[in-house]
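Peer 1: Below is one structure. I have some questions about it.
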Amino acid sequence: MKSFRKELWFHTPTHVAFVKITRQVAECVSESGVKDGLVLANAMHNTASVFINAAESGLHHDHSAGLEKLVPHEPIAQYRHNDTGEDNADAHIRRQVMGREVVSPLPTASLISVRGNRSSTASSMAGGVSGCW
Amino acid sequence: MKSFRKELWFHTPTHVAFVKITRQVAECVSESGVKDGLVLANAMHNTASVFINAAESGLHHDHSAGLEKLVPHEPIAQYRHNDTGEDNADAHIRRQVMGREVVSPLPTASLISVRGNRSSTASSMAGGVSGCW
Amino acid sequence: MKSFRKELWFHTPTHVAFVKITRQVAECVSESGVKDGLVLANAMHNTASVFINAAESGLHHDHSAGLEKLVPHEPIAQYRHNDTGEDNADAHIRRQVMGREVVSPLPTASLISVRGNRSSTASSMAGGVSGCW
């Protein structure tokens, strides 16, 4: 069995941010030489998510607003995790709601050609969007 | 390494629907000839989920009611994604809550025989239920 | 392809409980002899989750309180699933919010050494925490 692993690092300027990583994941797959199998894209921080969904700015706003309603950042003191000196308890919980990882089949090309619209293209590629909560 | 991939298509008459796909996934596994490994069942639309849980109509009602409470469909205008002309921002967000995919070990038969009740049988088979939000 | 599967059983004294299973999963990986590949840790009950997040008691309190707010246990009668004689509809729904499974790359050692803090070590190992809702 052939395998390949690569770490990707992202620095986000804001507390909550969305980074489209479809191209980087596709490049990893290409670099791996694997033609048939699975691609796993998983977040290595407990306050981040990798997920597949439409890479559309309005939707990113909606994800963010929805998470703020379900798991509000403030007041900080409502979370016992923050008694440790952190202020990111909400981000740990949001990562559960949004998920940690994506597993997607390879090859993706044929699936993409079958589908064709923007969001489906994203959904055909693992790691469509990485979120930082 | 042996691999096998198949697309399954489902047409749902309603906006929100649950489809039990356990049998279809089991047939894919059987068709693949793979005896030992993993099965991945993943949704190819960004407003759909594949998940494993009890295939019980009361629970499906509860999932649906719970999602409506957490991520209401209306008013449509509360979501920026819907400014694009869509009305399905809620469905994109619900898919995150419910998850996109299931990865389950093969073979499943021995696990099923160990367990034995209805919901556990469903949980032993990948792709117990597919949801459309 | 080499594969290995093992069932782990946990008995929790309380309705909602968190069990850190990092060591057990690491032992399974060691026992398997697999040096390169994937580890899947998945919950075999529909009211349980396996997830990776900080194994910190304050955060566990926050997860539990957050789930109680989003998917309250009582009143029991608000859930149609409970008409079947069960009282665990909330636990079925909470498992969707928290997720069912974790897929993580092997080997994990190099990732752990790269990172170094407690929660990242947990996130490098599949099956950091198992939850029972």
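Chains as they are written, first to last, in the numbering used here: chain U, 422 to 554; chain D, 422 to 554; chain H, 422 to 554. Backbone N, C-alpha and C fix where the C-beta goes; we use that ideal spot for every residue, glycine too.
Beta-carbon separation of V492 (chain D) and R521 (chain D) under 8 angstroms?
Peer 2: No, the Cβ-Cβ distance between V492 (chain D) and R521 (chain D) is not below 8 angstroms.
Peer 1: First and last residue of the alpha helix (DSSP H) that includes V510 (chain H)?
Peer 2: The identity of residue 510 (chain H) in the sequence shown is Ala, whereas the question assumes Val. Segment 510-519, the alpha helix (DSSP H) holding A510 (chain H).
Peer 1: Ignore the nearest five residues each way along the sequence and tell me which others in A530 (chain D)'s own chain have a CB closer than 6 angstroms to its CB.
Peer 2: Residue confidence is low: A530 (chain D) scores 42 on pLDDT, short of 50, so the model does not pin down where it sits. No coordinate-derived value is stated.
Peer 1: Run the CB neighbour count on S525 (chain D), radius 10 Å, all protein chains shown included, and call it buried at 16 or more, exposed below.
Peer 2: Under this definition S525 (chain D) is a buried residue.
Peer 1: Using 10 angstroms around the beta-carbon of F431 (chain U), count the other beta-carbons present and answer buried if the total reaches 16, otherwise exposed.
Peer 2: Classification of F431 (chain U): exposed, given that the 10 Å Cβ count is below 16.
Peer 1: Note down, in chain order, every chain D residue with its Cβ under 9 angstroms from the Cβ of T505 (chain H).
Peer 2: Chain D residues near T505 (chain H): E477, G479, L480.
Peer 1: Got a sec: which bits of the segment 507-522 of chain D sit with their beta carbon under 8 angstroms from any beta carbon on chain U, in order along the chain?
Peer 2: Answer set for the segment 507-522 of chain D: A510, H513, I514, R516, Q517, V518, G520, R521, E522.
Peer 1: Do L459 (chain U) and L461 (chain D) have their beta-carbon atoms positioned less than 8 angstroms apart in this structure?
Peer 2: Yes, Cβ-Cβ distance for L461 (chain D) and L459 (chain U) is below 8 angstroms.
Peer 1: Taking 6 angstroms as the limit between beta carbons, can you name the residues of its chain near Y500 (chain D), skipping five residues before and five after?
Peer 2: Around Y500 (chain D): A510.
Peer 1: Kindly say whether I442 (chain U), judged by its beta-carbon, lies nearer than 8 angstroms to any beta-carbon of chain D.
Peer 2: So, not an interface residue.
Peer 1: For the beta strand (DSSP E) containing S424 (chain D), list its first residue and its last residue.
Peer 2: Taken as a continuous stretch (DSSP letters only), S424 (chain D) belongs to no beta strand (DSSP E), as it is neither H nor E.
Peer 1: Please work out which residues of its chain come closer than 8 angstroms, Cβ to Cβ, to V518 (chain D), disregarding the five sequence neighbours upstream and downstream, and give them in chain order.
Peer 2: Hits under 8 angstroms: L488, L491, V492.
Peer 1: L461 (chain D) bridges to which residues according to DSSP?
Peer 2: Beta-bridge pairing links L461 (chain D) to D:V524.
Peer 1: Are there 16 or more other CB atoms within 10 angstroms of the CB of A475 (chain H), so buried, or fewer, so exposed?
Peer 2: Answer is buried; the Cβ neighbour count reaches 16.
Peer 1: Classify D483 (chain H): buried if its beta carbon has 16 or more other beta carbons within 10 angstroms, exposed otherwise.
Peer 2: Burial call: buried.
Peer 1: In the DSSP assignment, find the unbroken alpha helix (DSSP H) run with K441 (chain D) in it and report its ends.
Peer 2: Unbroken run through K441 (chain D) is the beta strand (DSSP E), 438-441; no alpha helix (DSSP H).
Peer 1: With the cut-off set at 8 angstroms, would you say P528 (chain H) and K456 (chain H) are in Cβ contact?
Peer 2: Yes.
Peer 1: What number of angstroms, rounded off, separates the C-alpha of S485 (chain D) from the C-alpha of E477 (chain D)?
Peer 2: Looking at the two C-alpha atoms, the distance is approximately 12 angstroms.
Peer 1: Leaving out five residues on either side along the sequence, give the residues of the same chain with a beta carbon under 6 angstroms from the beta carbon of H494 (chain U).
Peer 2: The residues are D511.
Peer 1: Can you tell me whether T443 (chain D) is buried or exposed? The criterion is at least 16 other CB atoms within 10 Å of its CB, across all chains shown.
Peer 2: It counts as buried.
Peer 1: Using the C-alpha atoms, what's the distance from T505 (chain H) back to F472 (chain H)?
Peer 2: So the two alpha carbons sit approximately 29 angstroms from each other.
Peer 1: I need the straight-line Cα distance from N463 (chain D) to A498 (chain D), nearest angstrom please.
Peer 2: If you take the alpha carbons of N463 (chain D) and A498 (chain D), they lie about 30 angstroms apart.
Peer 1: Applying the criterion that 16 or more other CB atoms from any shown protein chain within 10 Å of the CB defines a buried residue, is S424 (chain U) buried or exposed?
Peer 2: It counts as exposed.
Peer 1: Can you tell me whether G487 (chain D) is helix, strand or coil according to DSSP?
Peer 2: Of the three classes helix, strand and coil, the one that applies to G487 (chain D) here is helix, per DSSP.
Peer 1: Please report the straight-line C-alpha distance between H502 (chain D) and S470 (chain D), rounded to a whole angstrom.
Peer 2: Going from the Cα of H502 (chain D) to the Cα of S470 (chain D) covers about 19 angstroms.
Peer 1: Just to make sure I have the definition right: I need the residues of chain D whose C-beta is within less than 8 angstroms of the C-beta of N474 (chain U). Which are they?
Peer 2: Per Cβ cutoff of 8 angstroms: N467, H513, R516, Q517.
Peer 1: Which of helix, strand or coil does DSSP assign to L480 (chain D)?
Peer 2: Here L480 (chain D) sits in helix by DSSP.
Peer 1: In chain order, what residues of the same chain have a beta carbon less than 7 angstroms from the beta carbon of M465 (chain U), not counting five sequence neighbours either side?
Peer 2: Excluding sequence neighbours, M465 (chain U) sits near nothing in its chain.
Peer 1: Going by beta carbon distance, what residues of the same chain come within less than 6 angstroms of D508 (chain D), once the five residues before and after it are set aside?
Peer 2: Only I497 meet the Cβ criterion.
Peer 1: Measuring CB to CB, does H436 (chain U) end up less than 8 angstroms from L480 (chain H)?
Peer 2: Taking 8 angstroms as the Cβ cut-off, H436 (chain U) and L480 (chain H) do not qualify as a contacting pair.
Peer 1: Spell out whether any CB of chain U is found under 8 angstroms from the CB atom of S453 (chain D).
Peer 2: Cβ-Cβ to chain U under 8 angstroms: no for S453 (chain D).
Peer 1: Which class does T505 (chain D) belong to by DSSP, given the choice of helix, strand or coil?
Peer 2: Helix.
Peer 1: Indicate whether at least one CB of chain U lies closer than 8 angstroms to the CB of V524 (chain D).
Peer 2: It does: the Cβ of V524 (chain D) has a partner Cβ on chain U nearer than 8 angstroms.
Peer 1: Could you check the C-alpha separation between A445 (chain H) and M422 (chain D) for me, to the nearest Å?
Peer 2: Going by the sequence as given, residue 445 (chain H) is Gln instead of Ala. Distance between the alpha carbons of Q445 (chain H) and M422 (chain D): 27 angstroms.
Peer 1: Using the Cα positions of G454 (chain D) and N467 (chain U), report the straight-line distance between them to the nearest angstrom.
Peer 2: Straight-line Cα distance between these residues: approximately 37 angstroms.
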